[in-house]
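Data block below; observations after.
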Amino acid sequence: NMKMRDPLLYRIRHASHYRTGDEWPIYPMYDFAHPLSDAIEGITHSICTLEFENNREIYDWLGNNLLEEPRPHQYEFARLNLNNTVLSKRKLRRLVEEKFVAGWDDPRMPTIAGIQRRGVTPAALRDFCERIGVAKTNSRIDPALLDACIRDDLNMTAPRVMAVLNPLKVVVTNYPESQVEAVEASFWPRDVPKEGSRPVPFTRELYIEQDDFAEQPPKGFRRLVPGGEVRLRYAYIIKCEAVVKDDAGTIVELHCTYDPDSKGGAPKDGRKVQGTVHWVSATQGVPAEVRLYDRLFTLENPDDIDDEHSFTDFVNPASLVVVQGVVEPSLAQAQPWERFQFERQGYFMIDPVDSRPEALVFNRTVELRDSWTKSTTMPSTADVRQSSAAPATQVLAGPAEDSTRKSKTELRAERRAQEPELVARLARYQEDFGLSFEDADVLTGDLALAQFYEAALAVHDQPQSVANWVLNEVLREVKEGSLESLPFDAAALAKLVALVDNNTISTAAAKDVFAEMMRSGGDPVAIVEKKGLQQISDAGALTPLIAQVIAANAAKAEEYRSGKTGLLGFFIGQVMRETKGKANPQLVQELVQKQLG
1252 NMKMRDPLLY
1262 RIRHASHYRT
1272 GDEWPIYPMY
1282 DFAHPLSDAI
1292 EGITHSICTL
1302 EFENNREIYD
1312 WLGNNLLEEP
1322 RPHQYEFARL
1332 NLNNTVLSKR
1342 KLRRLVEEKF
1352 VAGWDDPRMP
1362 TIAGIQRRGV
1372 TPAALRDFCE
1382 RIGVAKTNSR
1392 IDPALLDACI
1402 RDDLNMTAPR
1412 VMAVLNPLKV
1422 VVTNYPESQV
1432 EAVEASFWPR
1442 DVPKEGSRPV
1452 PFTRELYIEQ
1462 DDFAEQPPKG
1472 FRRLVPGGEV
1482 RLRYAYIIKC
1492 EAVVKDDAGT
1502 IVELHCTYDP
1512 DSKGGAPKDG
1522 RKVQGTVHWV
1532 SATQGVPAEV
1542 RLYDRLFTLE
1552 NPDDIDDEHS
1562 FTDFVNPASL
1572 VVVQGVVEPS
1582 LAQAQPWERF
1592 QFERQGYFMI
1602 DPVDSRPEAL
1612 VFNRTVELRD
1622 SWTKSTTMPS
1632 TADVRQSSAA
1642 PATQVLAGPA
1652 EDSTRKSKTE
1662 LRAERRAQEP
1672 ELVARLARYQ
1682 EDFGLSFEDA
1692 DVLTGDLALA
1702 QFYEAALAVH
1712 DQPQSVANWV
1722 LNEVLREVKE
1732 GSLESLPFDA
1742 AALAKLVALV
1752 DNNTISTAAA
1762 KDVFAEMMRS
1772 GGDPVAIVEK
1782 KGLQQISDAG
1792 ALTPLIAQVI
1802 AANAAKAEEY
1812 RSGKTGLLGF
1822 FIGQVMRETK
1832 GKANPQLVQE
1842 LVQKQLG
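First residue of the sequence shown: 1252, per our numbering; consecutive thereafter.
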């Protein structure tokens, strides 16, 4: 671990600070301040992302030498990567500044303000976090899982109401023109143990959804058709007698008759009517603006694109669709932040910013069913690099219900309970190999994975190095698949790790080699030779090159010697550029410092 070779603990700068002046010239570095500030503040668990794994050794070293028990401990976990969105603050700021969204609280934004304004509750977010658990390997989470958590939460808390988002007028020709009849409608379905109802006005003129009528119905269509019957939710059965069109041939109105003996949807003569649709009174309903929010990006991973594209190229043009609908009168007095289920539509919330009593605005929180499951493909990064055609949508396939409610740690523990051999390995990996519980837990959660790990160790006996590559690189590629699908074996991976550990190649070059192994397999040593990726670790070869770089930048060398030590990075960068990134950066740093004096 290079961080332990010569740990940087603090800097001493005899220079005036813009806040403290000349009072304090000592500035602690991150690795020094981290464990000490945690201990001072009573932190027990310092949770970091995976890139801080190498920092844990210096964290523990400082803690063991400077602090009394109980000492804080650092734990690493994978970042949350959610499909079809970005979580980088820099990219989110760009979306705001370039007007792709309305602001930081736009309901499409993955910010606290945006999620809250969309109508997502804290309970749904907690459920989501419990389902995905804490992972030790980088992966991407399907937003369908978050949507499921939101539905489960709102199902029990959001009263049911009716709203028509794309109105088609229906005139019930045999219903009295001036009559207004109150139809009693429950707020809650039978599977929700709550009570409450409201009167919904039934009138001669109604609105139904345009999609609930088909003049030439496809096979299996069970809603309203010419000459056919349909049940109006909570009200009567109606029959379509005539279709009225404008000069352009667009359907603008339906003339229907109703069965007075079918109130509640059950005809007295016992005939079967298969379809049921929701509706709103055209004369008593309340106009409302309804904002239909969807995935912010059409691309599954907008962070992973080539140089010819920008992540903004894949902003979903249908991520916000605004429609002018009509809602039932009971919603006229709805207050900001109130949540409802629009029957057969989805869950909606009164917008807390733009909605007013005289001009209601609803935000869609989530659909009742995931419309993205209807498509079969989602453009991958490779697809984008080959073509900039309009992207498709995503297949959402998740684990069984029981599995989604248990964390990955719990599932691994269950597998170990069924295989005592894995329990023994869990203890051995910690005691003999010196792995943390978190690393050993993942490696022993599956027998095939443990065997793969040990097969790699048999070739390169460096438990932590091999574990890091298995956990962070191999598992990311395998995901839910099988290790047998890899185009290389454990021995090949071990050879790659050995090339890094003995400084033959850099970590960055190793990842290029790993990518090539994923594409076509092959021996990592041969790939390194073919691509010329060998790291230059010969001081004799680097010394004259460094001398040339310093001579070519004599003025900066004098500035460095005069105290401007921040220029060290400049010289290292120049040397790395001259060697096309092949020089051992640690050796370069040592040699540059030596020559600069």
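Note that beta-carbon positions come from the ideal geometry of N, C-alpha and C, so glycine has one too.
* To do: Quickly, what does DSSP pair lysine 1445 with across the bridge? List them, please.
  => Paired residue(s): none; lysine 1445 is not in a bridge.
* What's the gap between the Cα of lysine 1523 and the Cα of lysine 1470? -> 18 Å
* **Between the CA atoms of leucine 1793 and alanine 1834 - distance to the nearest angstrom** => 8 Å
* To do: Using beta-carbon positions only, say whether valine 1800 and valine 1839 come within less than 7 Å of one another.
  => no
* Asked: Do tyrosine 1544 and arginine 1615 come within 7 Å of each other at the CB atom, strictly closer than that value?
  -> Taking 7 Å as the Cβ cut-off, arginine 1615 and tyrosine 1544 qualify as a contacting pair.
* Buried or exposed: where does tyrosine 1261 fall if 16 or more other Cβ atoms within 10 Å of its Cβ makes it buried? -> exposed
* So, helix, strand or coil for histidine 1285, using DSSP? -> helix
* For glutamine 1586, the three-state DSSP class (helix, strand or coil) -> coil
* To do: Rank Ile1383, Lys1519, Arg1595, Val1431 by C-alpha distance to the C-alpha of arginine 1484 and give the top, closest one.
  => Arg1595
* **Nearest to valine 1495 (by Cα), restricted to the options Ala1803, Tyr1811, Glu1466, Gln1525** => Glu1466
* Could you tell me how far apart the beta carbons of glutamate 1689 and tyrosine 1281 are, in whole angstroms, since I believe they sit closer than 8 Å? => Wrong, their Cβ atoms sit about 22 Å apart, outside the cutoff.
* To do: Spell out the partners DSSP gives threonine 1527 in its beta bridges.
  => In DSSP, threonine 1527 forms a bridge with Arg1482.
* The beta strand (DSSP E) with asparagine 1899 in it runs from where to where? -> The first residue shown for the chain is 1252 and the last is 1848, placing residue 1899 beyond what the model contains.
* Could you spell out where the beta strand (DSSP E) holding glutamate 1327 opens and where it closes? => 1324 to 1328
* **Length of the line joining the Cα atoms of alanine 1486 and glycine 1515** => 5 Å
* Residue range of the beta strand (DSSP E) that includes glutamate 1492 -> 1488 to 1496
* Is it buried or exposed for glycine 1334, if we count other Cβ within 10 angstroms and need 16 for buried? -> Here residue 1334 is asparagine; the residue named in the question, glycine, does not match the sequence. Buried: at least 16 other Cβ atoms inside 10 Å.
* Asked: Buried or exposed: tyrosine 1269, going by 16 or more other Cβ atoms within 10 Å of its Cβ?
  -> exposed
* Taking the C-alpha atoms as reference points, what is the distance between aspartate 1289 and glycine 1314? -> 10 Å
* DSSP three-state assignment for methionine 1600, whether helix, strand or coil -> strand
* Find the nearest neighbour of alanine 1759 within the set Ser1606, Asp1774, Val1779, Trp1312, judged by alpha-carbon distance. => Val1779
* Output the distance between the C-alpha atoms of glutamine 1645 and glutamine 1535, rounded to the nearest integer angstrom. => Here the model assigns glutamine 1645 a pLDDT of 30, short of 50, so the residue's position is not dependable, and the following value carries that caveat. For glutamine 1645 and glutamine 1535, the distance between alpha carbons rounds to 40 Å.
* Shortest alpha-carbon distance to valine 1577 belongs to which of Ala1539, Gln1669, Ala1583? -> Ala1539
* To do: Would you mind stating whether tryptophan 1355 and isoleucine 1459 have Cβ atoms separated by less than 7 Å?
  => no
* To do: Tell me where the beta strand (DSSP E) around valine 1422 begins and ends.
  => For valine 1422, the uninterrupted beta strand (DSSP E) run begins and ends at 1418 to 1423, by DSSP.
* Element boundaries [beta strand (DSSP E), containing serine 1297] -> 1296 to 1300
* Which ranges does the beta strand (DSSP E) cover as unbroken runs of at least 3 residues, wholly within the segment 1379 to 1440, from first to last along the chain? -> Counting only runs of 3 or more, we get 1418 to 1423, 1432 to 1437.
* Asked: How far does the beta strand (DSSP E) with glutamine 1575 in it reach, from first residue to last?
  -> 1571 to 1578
* **Environment of alanine 1805 [buried if 16+ CB atoms lie within 10 Å]** => exposed
* To do: Label glycine 1447 either buried or exposed according to how many other C-beta atoms from any shown protein chain fall within 10 Å of its C-beta, with 16 as the threshold for buried.
  => exposed
* Indicate whether phenylalanine 1703 and leucine 1734 have their beta-carbon atoms separated by less than 7 Å. => yes
* Nearest to aspartate 1554 by alpha carbon, out of Asp1378, Asp1712, Ser1339? -> Ser1339
* Buried versus exposed call for asparagine 1306 [16 or more other C-beta atoms within 10 Å across all chains shown] -> buried
* Taking just the CA atoms, how far does aspartate 1510 sit from glycine 1478? -> 14 Å
* Asked: Do the segment 1422 to 1433 and the segment 1363 to 1375 touch if we need at least three Cβ pairs shorter than 8 Å?
  -> no
* To do: Determine the closest residue to alanine 1802 out of Val1674, Gln1846, Gly1783, with distance taken between C-alpha atoms.
  => Gln1846
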